[in-house]
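To keep things clear, I will list the structure first and then write my remarks on it.
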Amino acid sequence: TALVEAEAQRLLATAARNGSEPHLIVAQYPGWQSEQVKQLALILRGFPGTVTVLTGGAAPQLFVARSEDVSIDAGQLVRALVAAAGGKGGGRGDYAQGAFPDWERAAQALALAADVVADARN
C-alpha cells in the first residue's frame, strides 16, 4: 500500500542519515495490522545494507529482516530478542518473526535491538 511504501522511504532516509553500516532500522507500529508491518520489513529487506527490527499487529509481533548483502542471521536475532524479552519466534537467515505476550515486552526487545545487532556483527 502507499502508506507502507511511504513509511519505508521515511525509515530509509532516517537510517541513511545515521550513517552506520549496516543501517539498523527499529520501529514500533502498534496501530498497524501485522501484514502491513511484515510488508514493510520485506520492502526494507530489498535495500542494500539494512537490518530491520519492527513490531506491530493487534497482538505484539516482531518482524526482523536483513538485506542479502548483510551476513547477520535474522533468525538468530529474533531468537535472541524474544529470549531476552519473554517471547517466542524464529525463522530464516534473511527474515524471521516472533511474538510477545504484551507491548511492554515488545518495547523491551526493540530497546535491545542495537546491542543484539552489534553482538551479531562481532
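Anchor point for the sequence shown: position 37 equals 20 in the working numbering, and the numbering is continuous, going up by one each time.
Where a beta carbon is used, it is the ideal one built from N, C-alpha and C, also for glycine.
Nearest residue (CA-CA) to A41, options P84, R0, I8 and G70: Nearest of P84, R0, I8 and G70 to A41, Cα basis: P84.
Closest Cα partner of R88 within the set L(-5), L45 and A(-4): Cα-wise, what sits closest to R88 is L45.
May I ask which residues mark the beginning and end of the beta strand (DSSP E) holding G81? For G81, the uninterrupted beta strand (DSSP E) run begins and ends at Y78 to A82, by DSSP.
L80 to V53 span [Cα, whole Å]: The question names Leu, yet the displayed sequence has Gln at residue 80. Straight through space, the alpha carbons of V53 and Q80 are spaced by roughly 18 Å.
Assuming V34 contacts P13 under a Cβ cut-off of 8 Å, what Cβ separation, rounded to an integer in Å, is found between them? Wrong, their Cβ atoms sit about 21 Å apart, outside the cutoff.
G73, buried or exposed, once every other Cβ within 10 Å from all chains shown has been counted against 16: That one is exposed.
Count the other CB atoms within 10 Å of the CB of L(-14); is the residue buried (16 or more) or exposed (fewer)? Under the 10 Å beta carbon count, L(-14) is surrounded by fewer than 16 other beta carbons and is classified as exposed.
Does the separation of the CB atoms of A(-9) and I26 fall below 8 Å? The answer is yes: Cβ separation under 8 Å.
State buried or exposed for G70, treating a residue as buried only when at least 16 other CB atoms are found within 10 Å of its CB. Buried, by the Cβ-count rule.
I need the boundaries of the beta strand (DSSP E) containing I8, first residue and last residue. In the DSSP annotation of this structure, the continuous segment of the beta strand (DSSP E) that includes I8 starts and ends at H6 to Y12.
If we count the other Cβ atoms within 10 Å of its Cβ and call it buried at 16 or more, is Q22 buried or exposed? By the neighbour-count rule (16 or more Cβ atoms within 10 Å), Q22 is buried.
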